[in-house]
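If you use full-length UniProt numbering, the sequence shown corresponds to residues 1 to 281, in order. For each residue, glycine too, the CB sits at the ideal point set by N, CA and C. Please read the structure below before turning to the comments.
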Amino acid sequence: MLGYFAVMTLVVVWYRDRLADSTELLAGYAGAAVFLLALAEAERRLPVSKVVRFLRFSGPFLVLPLAYSAAARASRVVHGRYLDGDLHAWETTLLGFAPNPALTAAIGSPLMTEVLTFCYFSFYGCFLVPAILYAWGRVALAERYVFAALAVFLPSYLGFIAIPLIGPALALPESFAAHGPSGHAITALQNEIMAAFDPPGACFPSTHVAGAWITLLCLRRHVPRSVGAMLWVLTAGLTVAVVYDWYHYLSDAAAGLAVALLVHAVTERFAARRARPRSPG
Numbered sequence: 001m002l003g004y005f006a007v008m009t010l011v012v013v014w015y016r017d018r019l020a021d022s023t024e025l026l027a028g029y030a031g032a033a034v035f036l037l038a039l040a041e042a043e044r045r046l047p048v049s050k051v052v053r054f055l056r057f058s059g060p061f062l063v064l065p066l067a068y069s070a071a072a073r074a075s076r077v078v079h080g081r082y083l084d085g086d087l088h089a090w091e092t093t094l095l096g097f098a099p100n101p102a103l104t105a106a107i108g109s110p111l112m113t114e115v116l117t118f119c120y121f122s123f124y125g126c127f128l129v130p131a132i133l134y135a136w137g138r139v140a141l142a143e144r145y146v147f148a149a150l151a152v153f154l155p156s157y158l159g160f161i162a163i164p165l166i167g168p169a170l171a172l173p174e175s176f177a178a179h180g181p182s183g184h185a186i187t188a189l190q191n192e193i194m195a196a197f198d199p200p201g202a203c204f205p206s207t208h209v210a211g212a213w214i215t216l217l218c219l220r221r222h223v224p225r226s227v228g229a230m231l232w233v234l235t236a237g238l239t240v241a242v243v244y245d246w247y248h249y250l251s252d253a254a255a256g257l258a259v260a261l262l263v264h265a266v267t268e269r270f271a272a273r274r275a276r277p278r279s280p281g
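So, in structure tokens, the structure goes:
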């Protein structure tokens with residue numbers, strides 16, 4: 001996490017002339033880094049405290065909202081604009097159709113919108129996973145999950161800068177008004193959350209897809225079968241929802257899935273290598 005803050009600090013300093021709030025961003029990164037270092041020092045001084053240990057390994061999750069919003073605010077520093085027009089044209093040319101309106105037209109209904117948006121809303125449960133695992137006494141699994149989740153989220157935040165997008169609902173307002181989905185209470189609640197807490201520029205890759213899939217991949221062998229089945233349903237529904245609800249392009253969803261699969265493969269291989277007994281001599 002500290003390495004990510006260092007990289008983003010360099011980005012902000014290098015492009016400070018393009019960022020009206022560069023000082024605020026730098027202060028935020030510095031404050032988050034101090035917070036994490038303070039937790040590490042607290043664990044060193046109180047190594048037997050379960051509360052301190054929990055705060056130490058879950059601390060990075062507490063500063064993820066800052067990292068997420070700050071990366072979105074800096075998303076245009078390289079290109080100077082959002083690239084939605086380019087990506088939308090590329091997807092349409094490649095596939096022969098625009099995925100968002102095509103998916104909504106194929107399966108759209110207010111009930112379907114509510115179901116899929118609920119799956120999308122379930123993403124926020126990812127941030128409760130470390131506390132739940134810790135309460136169950138699965139500390140090692142909780143720590144592995146936090147590491148894998150950070151390995152998914154932080155590179156994705158750098159992707160916001162590499163390919164800055166605001167998403168099809170905002171980039172294509174006339175098309176969205178004509179072809180976008182309609183829903184009821186759950187959809188209205190999620191739209192309020194998006195308006196209040198989801199900054200423009202945080203699209204590629206989809207951190208919702210990446211986060212949901214790394215949660216499923218990390219936990220599927222460690223939870224009861226019924227819970228695993230629920231995770232599969234929610235994750236599949238969320239993956240469809242990001243395109244159906246016009247929050248993301250199909251490319252965003254595919255990239256988020258690719259990031260999760262790659263991180264899971266690497267972390268599983270690393271864990272297997274560490275668990276392998278060393279030969280004597």
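| query | Looking only at its own chain, which residues have a Cβ that is under 8 Å from the Cβ of residue 138, when we skip the five neighbours before and after it? | reply | 222
| field | residue 263 vs residue 162 beta-carbon contact at 7 Å | value | no
| Straight-line CA distance for residue 155 to residue 48? | 33 Å
| message | Within the continuous alpha helix (DSSP H) that includes residue 37, where are the two ends? | response | 22–45
| request: Give a yes or no on contact between the region 81–88 and the region 168–179, applying the rule of three or more CB pairs nearer than 8 Å. | output: yes
| task | Measure from the C-beta of residue 133 to each C-beta in chain B and report whether the shortest distance is under 7 Å. | result | As a matter of chain content, chain B is missing from the structure shown, which is built from one protein chain.
| said: Tell me the DSSP secondary structure of residue 288 in three-state form. | reply: In this structure the chain extends from 1 to 281, so residue 288 is not present and cannot be described.
| task | Classify residue 230 as buried or exposed, calling it buried when 16 or more other Cβ atoms lie within 10 Å of its own Cβ. | result | exposed
| Under a three-way DSSP split, which group does residue 125 fall into? | helix
| Closest Cα partner of residue 208 within the set 180, 39, 247 and 110 | 247
| field | Check whether residue 164 and residue 79 have beta carbons under 7 Å apart | value | yes
| field | Length of the line joining the Cα atoms of residue 89 and residue 274 | value | 46 Å
| message | Please identify the residue among 268, 4, 252 and 116 whose C-alpha is closest to the C-alpha of residue 66. | response | 4
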